[in-house]
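Participant: Below is the structure I would like to discuss, written out as structure tokens.
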Amino acid sequence: MLLSTGSSIWNHRQIVLWDPDDLSEPLYEEVLDGSAGVLFPFYDPDTHMLYLAGKGDGNIRYYELSTEKPYISFLTEYRSLLPQKGLGVMPKRGLDVSACEVFRFYRLISIKDLVEPLSMIVPRKESGIFQADLYPMTAGNQAAMTAQEWLSGINRSPVLMSLKPGIGVSNPYPETPAEKMDPQRPENNDFMEEAFLEEQLSYQDAKYPRKASDLSGWQPDETLLTNFFTPHCCEPAEKPPPNTENELLQAFYRQQDEIRGLKDKLNEKDVRISQLELDIRNTRNNLRATF
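Going by UniProt numbering, the residue at position 267 of the sequence shown is 267; the numbering climbs one at a time, nothing skipped.
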């Protein structure tokens with residue numbers, strides 16, 4: 001059966017139920033009211049419930065659908081003084097089954113700039129027990145087919161899941177496999193790290209020669225000594241060059257320790273970047289599962 005919502009020739013909002021095999025005459029037709037807001041139909045195939053909410057209205061009507069006459073039976077109506085501009089729904093796997101919650105709306109209240117959750121709860125004496133009649137097997141979050149299969153014309157029923165507490169839910173969004181690295185092309189981070197280390201080593205070689213014989217052409221820089229005692233100098237003066245082989249070795253080992261510390265900092269940043277990327281991926285997966 002097909003359900004349509006719209007306006008009649010007298011500009012009254014109405015709902016019409018059709019037989020898809022015979023559209024010449026509707027199976028059921030009901031005029032609701034004379035409001036001008038667009039009707040939003042929400043159907044729950046598990047409980048055969050139809051919810052009608054209008055844009056700008058403060059009420060939500062409940063109906064029960066069946067395959068026998070009169071096909072549509074009006075149950076009750078929720079009323080609120082705050083009109084809704086739009087509505088969203090929570091997927092079935094996010095409902096509170098311990099409270100017998102069968103449907104949950106999120107009403108957009110524009111006059112207060114808020115989103116109001118509205119739960120549809122069936123009154124039961126023992127609400128803490130799982131009610132199997134209210135929660136039959138429902139469509140899960142696992143895709144029944146791929147996009148290519150759907151484009152090729154294949155039809156499949158949805159993959160069902162149970163809402164009974166303790167039943168695990170599979171993750172429909174597996175982690176993206178790591179990209180294969182080209183052995184001929186180094187990774188960007190490794191390339192930047194290698195260039196940085198080469199720059200530091202070249203600076204070290206120019207500042208502190210590896211051999212004591214290379215110090216024959218060295219001359220002290222008088223500007224460094226002058227700036228060191230200038231009270232307005234913002235940068236500390238560089239240490240005097242080593243004069244003995246032992247001092248050269250100490251300077252070399254000190255530079256090696258500094259380079260090792262820089263490598264550790266780069267590794268820590270890479271780990272932090274990986275953690276942030278994982279958090280972003282998990283957040284996207286949660287948003288997809290919600291909507």
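Glycine included, each C-beta is placed from N, C-alpha and C at the ideal position.
Take the Cβ of Asp57 as the centre, count every other Cβ of all protein chains shown within 10 Å, and call the residue buried at 16 or more, exposed below.
Facilitator: Looking at its Cβ environment, which holds 16 or more other Cβ atoms inside 10 Å, Asp57 is buried.
Participant: When you compare the CB positions of Val89 and Tyr135, do they come within less than 8 angstroms of one another, or not?
Facilitator: No, they are not a contact pair.
Participant: Take Lys85 as the anchor and find which of Ile15, Leu95, Thr76, Val38 has the nearest alpha-carbon.
Facilitator: Checked all of Ile15, Leu95, Thr76, Val38; the closest Cα to Lys85 is Val38.
Participant: Just to confirm the assignment, what range does the alpha helix (DSSP H) spanning Gln148 have?
Facilitator: Gln148 -> alpha helix (DSSP H) spans 147–151.
Participant: Check each candidate in Leu81, Asp133, Asn141 and name the one with the smallest Cα separation from residue 293.
Facilitator: The structure shown does not extend to residue 293, since the chain spans only 1 to 291, so no value can be given for it.
Participant: Assuming Leu32 and Pro26 are in contact, meaning their beta carbons sit under 8 angstroms apart, how far apart are those beta carbons, in whole angstroms?
Facilitator: Contact doesn't hold; Cβ gap of about 15 angstroms is too wide.
Participant: Apply the 10 Å Cβ neighbour rule to Gly54 and answer buried if 16 or more other Cβ atoms are within range, or exposed otherwise.
Facilitator: The residue is buried, with at least 16 neighbouring Cβ atoms inside 10 Å.
Participant: So which of Leu108, Arg93, Glu116, Phe103 has the shortest CA-CA distance to Lys164?
Facilitator: Taking only the C-alpha atoms, the option nearest Lys164 is Arg93.
Participant: Going by C-alpha distance, which of Ala143, Ser35, Glu30 is nearest Asn11?
Facilitator: Of Ala143, Ser35, Glu30, the residue nearest in Cα terms is Ser35.
Participant: For my contact list, Glu68 and Leu75 are in at a C-beta cut-off of 8 angstroms; report their separation, rounded to the angstrom.
Facilitator: Rounded, the Cβ-Cβ distance is 17 angstroms, inconsistent with contact.
Participant: Looking at the ligand ZN, does it come within less than 7 angstroms of Gly128, judged from the CB to the closest heavy atom?
Facilitator: This structure simply doesn't include the ligand ZN, nor any ligand for that matter.
Participant: Verify whether the separation of the beta carbon atoms of Ile15 and Glu30 is less than 8 angstroms.
Facilitator: In contact: Ile15 and Glu30 (Cβ atoms closer than 8 angstroms).
Participant: Helix, strand or coil, according to DSSP, for Asn285 in the structure here?
Facilitator: Helix.
Participant: Report all residues from its chain with a CB closer than 8 angstroms to the CB of Glu77; omit the five preceding and five following residues, and keep chain order.
Facilitator: Taken in chain order, the residues that qualify are Asn59, Ile60, Arg61, Tyr62.
Participant: Could you give the residue range of the beta strand (DSSP E) that holds Ala36?
Facilitator: Here Ala36 belongs to no beta strand (DSSP E), and DSSP marks it neither H nor E.
Participant: Starting from the Cα of Val102, find the closest Cα among His48, Asn243, Asn155 and give me that residue.
Facilitator: The candidate whose alpha carbon is nearest that of Val102 is His48.
Participant: In terms of alpha-carbon separation, which member of Tyr28, Glu116, Asn141 lies closest to Arg288?
Facilitator: The shortest C-alpha separation from Arg288 is found at Asn141.
Participant: Going by DSSP, which residues form a beta bridge with Met120?
Facilitator: Met120 is bridged to Phe103.
Participant: Out of Ala143, Gly166, Trp150, Ala251, state which residue places its alpha-carbon closest to the alpha-carbon of Leu160.
Facilitator: The option with the nearest alpha carbon to Leu160 is Ala143.
Participant: I'd like to know whether the C-beta atoms of Phe105 and Leu114 end up nearer to each other than 8 angstroms.
Facilitator: Not in contact: Phe105 and Leu114 (Cβ atoms no closer than 8 angstroms).
Participant: CA-CA distance, Arg13 and Thr5?
Facilitator: Cα to Cα, Arg13 sits roughly 7 angstroms from Thr5.
Participant: DSSP on Phe252, reduced to helix/strand/coil?
Facilitator: If DSSP states are grouped into helix, strand and coil, Phe252 belongs with the helices.
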